[in-house]
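Structure record follows, encoded as structure tokens.
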Amino acid sequence: MVMDLKEKTKTESIYVPDIATITEIKDLTPTEKQFKIKIDDPVKRKNFNFLPGQFVELTVFGIGEAPFSIPSSPNNKDYFELCVRSIGSVSAALHRMKAGDKVGIKGPLGKGYFPYEKMQGNNVVIVAGGLGMAPVRSILLQILEDRKSYKDVTLIYGCVDPQSMLYKDEIKKLQESKELDIKLTVDRPDNSWKGAVGVCTNLIPQLKYQPQDTYIIVCGPPVMYKFVIIELEEKKYKPENIFLSLERRMECGVGKCNHCHIGNKLVCVDGPVFSLWEIKNLKEAI
Amino acid sequence: MLYKILDKKDFKDFVNNLISAYEVTAPKKISQALHDFFPIKSYEEMDLSYKRTTLPPAKKMLFPSNEALASYTVGNNIEVKSLNESKEQLLFGVGAWDINGMNFLDRIFSTDFIDENYMEKRKKLKVIGIDAEPSDANFASSVGSEFAKEGFDLFLSDIGDKYFVRIGTAAGAEIASKFGDFLDASDVDYSAYDRQMDLYKNKFNVNVNLDNFFENFEIVYGKKDLWEKLAKSCFSCGSCNLVCPTCFCFNVRDDIKIDLAGGIKSRQWDSCMISNYGLVAGGHNFRPDEANRLKQRYRCKLKTFVEKFGQYSCVGCGRCVEACLAKINIYEDINAVKEEVSI
Ligand code: SF4
Ligand code: SF4
Ligand code: FES
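Chains P and D supply the protein sequences, listed in that same order. Our numbering puts the first residue of the first sequence at 77, with every later residue one more than the last. Our numbering puts the first residue of the second sequence at 202, with every later residue one more than the last.
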């Protein structure tokens, strides 16, 4: 299922991106925009089959490249989406672009993805913090598109405040649909807030699922992991069934520059998704 | 492997023949205590009696400190072209540890994704090694890299009035037959080589014991005090990385060309000892302090690639020890780790 990296790069330089067009830009929050991206070459577009949790290296020509995980459904074959907060030179440049503009895309990248095949027939808990909602949205959508293959599904999503919540309308619709259990929490509520208050770690003790048939997905800012994992271990969820998407500085995205290493792993090729078991003894992973 | 003999009286002709056929890079004296590898035009420019060379030659030739990877036009019709400059070259007089360092880079740049920018240059590089004099800080024999098993076309060992020559590749055999007067090795030559190899191993002044280091390192990994002590004087200058034959970290950047009509994607060497190495967009730094960075550098050199490739990524050349103004010393620190565990 995962592409053969050597096969893919036999003929092309690993540093040359494919040309792609931004076909649509939408404001998700006051600070995040969603970009719909279509690879120009029809053959390459057709071959762009990604797995939930994988990412792309995006080049803004003349500015630089940076990694972005793909928040759209792997079942959309014609395009993919990115969710971008303007925090670096590449993302700031992206925020200034408009529909029709060209970018460079390398990917999909990463051998580590959310193992939806294994998760089928089990309960799934997705824990997302802040921007961490973007990487897990692809697996969430994939589950929803094949909902009957999974048992119960819970989404725990924590944000700083209600304004910074990503995919708000979508989440609202899902809450009404009852296809999954959604627990939202914010640090700083406003007057209309009806969900919980505090960090998403606080909501983990409420989980009712048993360890033997439950998979957990975690993605969020670096500080979140340690505390979430303490809570998950407290409830005896199995480390081999807990999957985390990790962030590190990336320069190349293709396992060469070494910037993304954690011990003997490279986040860009061995990850970005790892099971807790794989990284348990890697100091500094979480 | 083929074994041959080259008489020393034929050595100069051999080198000059190589120079007439190849761009030859060889050691040159640059100051009282220092040599470095540069292209040479005649035998006389070369000085094989070197001990220290500032930069590892193979890394310099195969993985330049600043390299263009792609160029493109900007605007509405963007076209990207890969850039990959390479040429036939010959590296002469390189020591076993530096060949082993190059073998390590070969592996890095051909694992998973293939880096054609490196591999094209590597394919076009001929390598002639020699039993070079180890410098005072060289501890190659402690990490098993005082001997090169592969990675060279020819390898010369001094056995008195002749060189004993190991021919490692078909290209090496061709070089030998085309450019020199190589004879078959006799039994006497073999035993002379055997003696020379024993003598050579004893030339390494520094011996460090890495037994159990793999586990010991794990035990002391969390000892903040130890790492703070070892890294106390580090300036985060990154010199240790720059001079290392196996350091390969780099940054990728895009720039607009002067004419504004296009841009260039390029890479530059980076250093894991510099403070922004682990800094991500948004401001979080995964390697915020000197102690953490030094510890991770040692992990990378002495543990990570034991797990990944079954070998140290330190070839013991001693350059980082010689380059460090703060006198931070990898083999002393290996001993410090041992001591910490034993008390
Ligand atoms: S260890 Fe020495 S050479 Fe390396 S960064 Fe620190 S001061 Fe510079
Ligand atoms: S870490 Fe130091 S001694 Fe080891 S290969 Fe690099 S420069 Fe040489
Ligand atoms: S980003 Fe370059 S090795 Fe992972």
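All C-beta atoms in this analysis are idealised placements derived from N, C-alpha and C, irrespective of residue type, glycine included.
In chain order, I90, Y91, E133, H335, C344 place their CB closer than 8 Å to the CB of C328/P, counting only its own chain and leaving out the 5 sequence neighbours on each side. Around the beta carbon of G479/D, a 10 Å sphere encloses 16 or more other beta carbons of the protein chains shown; the residue is thus reported as buried. The alpha helix (DSSP H) runs lying completely inside the stretch 128-187 of chain P and spanning 4 residues or more are 165-171, given in chain order. Distance check between A371/D and each of N410/D, V328/D, D399/D, L384/D places V328/D closest, using alpha-carbon atoms only. Taken through DSSP and simplified to helix, strand or coil, W428/D comes out as helix. The beta carbon of S149/P lies closer than 7 Å to those of S214, L217, Q218, E221 in the same chain, with the five residues before and after it left out.
K539/D is the residue among M303/D, K539/D, R253/D, F238/D whose C-alpha sits nearest the C-alpha of N413/D.
The beta carbon of D346/P is closer than 7 Å to those of K187, G188 in its chain, skipping five residues each way along the sequence. In the structure shown, the three-state DSSP call for E354/P is helix. Nearest in C-alpha terms to V542/D, of all of K509/D, S434/D, K424/D, is K424/D.
With respect to the 8 Å criterion, G138/P and D455/D are classified as neighbours on the basis of their beta carbons.
The beta carbon of M202/D sits no closer than 7 Å to any heavy atom of ligand 3. Close to chain P, meaning a Cβ-Cβ distance shorter than 9 Å, are the following residues of the stretch 275-293 of chain D: V275, G276, N277, N278, I279, E280, V281, K282, S283, L284, N285. The beta carbon of I231/D is closer than 6 Å to those of D237 in its chain, skipping five residues each way along the sequence. Nearest in C-alpha terms to A269/D, of all of D307/D, P228/D, V281/D, M474/D, is V281/D. Taken in chain order, the unbroken stretches of alpha helix (DSSP H) that lie wholly in the stretch 469-511 of chain D and span 4 residues or more are 491-500, 506-509. For T254/D, the beta-bridge partners assigned by DSSP are H236/D. Cβ proximity to chain D below 7 Å picks out H335, G339, N340, V345 from the stretch 335-351 of chain P.
By the rule that beta-carbons nearer than 8 Å mark a contact, I420/D does not touch chain P.
Using a cutoff of 7 Å, the CB of C328/P counts as near ligand 3, since one of the ligand's heavy atoms is closer than that. Neighbourhood of R500/D in chain P, by CB distance below 8 Å: G339, in chain order. Beta-bridge annotation (DSSP): A271/D is paired with S283/D, K466/D.
Going by beta carbons, G197/P and C276/P fall outside the 8 Å limit. Across the structure, I355/P and K194/P are spaced so that their CA atoms are roughly 19 Å apart. Under the three-state reduction of DSSP, V275/P is assigned to coil, being neither helix nor strand. In this structure, the beta-carbon distance from N339/D to C518/D falls below 8 Å. When DSSP states are grouped into helix, strand and coil, Q196/P belongs to the coil group.
The continuous beta strand (DSSP E) containing E100/P extends over residues 94-103.
Distance from the CA atom of V236/P to the CA atom of I309/D, rounded to whole angstroms, is 41 Å. Around the CB of P93/P, 16 or more other CB atoms lie within 10 Å, so the residue is classed as buried. One Cα belongs to R367/D, the other to C521/D, and the distance between them is close to 30 Å.
Closer than 8 Å to the CB of C328/P there is at least one CB belonging to chain D. By alpha-carbon distance to K102/P, the top candidate from K332/P, L242/P, V294/P is L242/P. From the listed residues N304/D, K379/D, I475/D, the smallest Cα separation to L326/D is found for N304/D. DSSP places N301/D within a helical segment (H, G or I) once states are collapsed to three. One finds C333, N334, H335 in chain P with Cβ atoms closer than 8 Å to the Cβ of C450/D, taken in chain order.
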